[in-house]
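Participant:
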Amino acid sequence: MISWKEKTLFALALALTIAVLCLTLYAQGLRIDQANQKRDAAEDQVTQLTGERDHLTATLTQQRAAQAQLQTTQTDLRREIDVRKRRIQELEDENADLKAWAGQPLPAAARRLRQRPVLTGATAYREWLSSGNALPAAVD
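The sequence shown begins at 1 in the working numbering and counts up by one.
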């Protein structure tokens, strides 16, 4: 027969084993909760990054379309410039007075309008403007 002390020791050992098992399960539950929180945070970050990627992709698509439009416009403008240059040349070839006028050098006042120093920045431009190189008054 089992003595009262042995039964008590057995019950105590069993209670201790159950307590250790419960603490182990509790600790595992905490680890699982932490892992779930980390997973949720990672999923949120993936969602955010996916949204940013989609926004950047849309922006890139818009910029590429705008760039293609600008290139088309530039090509059209160059074509128009070529047409105008040819028309001017045709007019000069047809009209001797126009050809003589186009061949003359610009007047001194007009040449001065095109003469500007090399400017590096807004400060240099402001100083050049205030340097007193005013244009002469228009004469009738």
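Beta carbons are placed, not taken as given, at the ideal position from N, Cα and C, and that holds for glycine. Remember, predicted model here, so these are calculated numbers, not experimental data.
1) Report the CB separation of Glu92 from Leu98 in whole angstroms; it is logged as a contact under 8 Å.
2) Arg112 and Trp128 - do their beta-carbons sit closer together than 9 Å?
3) For a test of the three-state rule: what should DSSP assign to Asn95, helix, strand or coil?
4) List in chain order: all unbroken beta strand (DSSP E) runs of 3+ residues lying wholly within the stretch 3-69.
5) Mind checking whether Ala102 and Ile88 have CB atoms under 9 Å apart?
6) Consult DSSP for Arg111 and reduce its assignment to one of helix, strand or coil.
7) Let me know the secondary structure DSSP gives Glu120 once reduced to three states.
8) Look at the alpha carbon of Ala19 and the alpha carbon of Gln28, and state the distance between them as a whole number of angstroms.
9) So what's Gln104 in DSSP terms, helix, strand or just coil?
Facilitator: Inspection of the coordinates gives the following:
1) 5 Å
2) no
3) coil
4) Complete beta strand (DSSP E) runs here, min 3: none at all.
5) yes
6) helix
7) In the sequence as displayed, the identity of residue 120 is Thr instead of Glu. Coil, per DSSP.
8) 14 Å
9) coil
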